[in-house]
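Peer 1: In my numbering, the protein residues as written are 699 to 844.
The structure under discussion is supplied below as structure tokens; questions concerning it will follow.
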DNA sequence: GCCAACGTTGGC
DNA sequence: GCCAACGTTGGC
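Okay, here's the thing in structure tokens:
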């Protein structure tokens with residue numbers, strides 16, 4: 699079981715919008731970066747990730763679940779670009795800010811910190827659980843193992 | 001709004 | 001296959 703992080707500018711696509719999309723979810727479209735695409739190709743249905751608001755907010759705000767493996771991104775005519783489908787699973791009662799993440803010794807190796815431009819990235823299990831706790835969310839619930 | 005870091009493109 | 005030019009991301 700792997701864990702992930704998905705970035706979005708909230709004025710383009712927010713966690714609120716993701717929640718409004720409900721159980722059937724949406725495709726995580728618009729990624730035009732090979733590294734990010736390759737991470738999506740590695741995702742399996744049922745895996746969980748964080749939803750991160752970039753630019754405005756700059757915080758992890760919720761948890762999402764992969765509900766469809768990588769397939770063609772219909773917003774591109776180029777067959778190289780693929781995406782997974784996601785649905786919202788839970789809010790973080792207290793969003794965990796980038797500032798708080800950077801200030802935490804246990805999170806200093808997060809890709810969010812070391813490669814700030816990558817929009818889809820892996821998160822370690824310990825990092826995932828740590829951020830859930832910081833945000834007031836039971837990690838087991840976030841991981842779907844509760 | 002600026003700009004550093006990074007990725008991509010295309011000429012050679 | 002190198003690298004300069006350009007475009008984009010995202011923190012500040």
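Every residue, glycine too, gets a C-beta built ideally from N, C-alpha and C.
Remember, predicted model here, so these are calculated numbers, not experimental data.
Apply the 10 Å Cβ neighbour rule to residue 793 and answer buried if 16 or more other Cβ atoms are within range, or exposed otherwise.
Peer 2: Per the 10 Å Cβ criterion, buried.
Peer 1: Leaving out five residues before and five after residue 816 in sequence, what residues of the same chain have Cβ atoms less than 7 Å from its Cβ?
Peer 2: 733, 734, 809
Peer 1: When we look at the beta-carbon of residue 759 and count the other beta-carbons within 10 Å, is it buried (16 or more) or exposed?
Peer 2: buried
Peer 1: Pair every Cβ in the stretch 735-742 with every Cβ in the stretch 715-725, then say whether three or more of these pairs are closer than 8 Å.
Peer 2: no
Peer 1: So what does residue 706 bridge to, in DSSP terms?
Peer 2: 751
Peer 1: Hey, could you find the ends of the beta strand (DSSP E) residue 792 is sitting in?
Peer 2: Note, residue 792: beta strand (DSSP E), 780-795.
Peer 1: Please find out if some non-hydrogen atom of the ligand NAD comes closer than 7 Å to the beta-carbon of residue 828.
Peer 2: Among the components of this structure there are no ligands whatsoever, and the ligand NAD is therefore not found.
Peer 1: When the Cα of residue 821 is compared with those of 834, 804, 835, 836, which residue comes out closest?
Peer 2: Measuring from the Cα of residue 821, the nearest candidate turns out to be 804.
Peer 1: Pull up the distance between the alpha-carbon of residue 728 and that of residue 775, whole angstroms please.
Peer 2: 12 Å
Peer 1: Give me, in chain order, the residues of the same chain whose beta-carbon lies closer than 7 Å to that of residue 825; leave out the 5 immediate sequence neighbours on both sides.
Peer 2: 805, 808
Peer 1: Report all residues from its chain with a CB closer than 8 Å to the CB of residue 771; omit the five preceding and five following residues, and keep chain order.
Peer 2: 725, 727, 728, 729, 779, 780, 781
Peer 1: Would you tell me roughly how many angstroms separate the C-alpha atoms of residue 799 and residue 743, rounded to the nearest one?
Peer 2: Cα-Cα distance, rounded: 27 Å.
Peer 1: Under the rule that 16 or more other beta-carbon atoms within 10 Å means buried, what is residue 838, buried or exposed?
Peer 2: exposed
Peer 1: Here's the rule I'm using: 16 or more other beta-carbon atoms within 10 Å means buried, otherwise exposed. How should residue 828 be labelled?
Peer 2: buried
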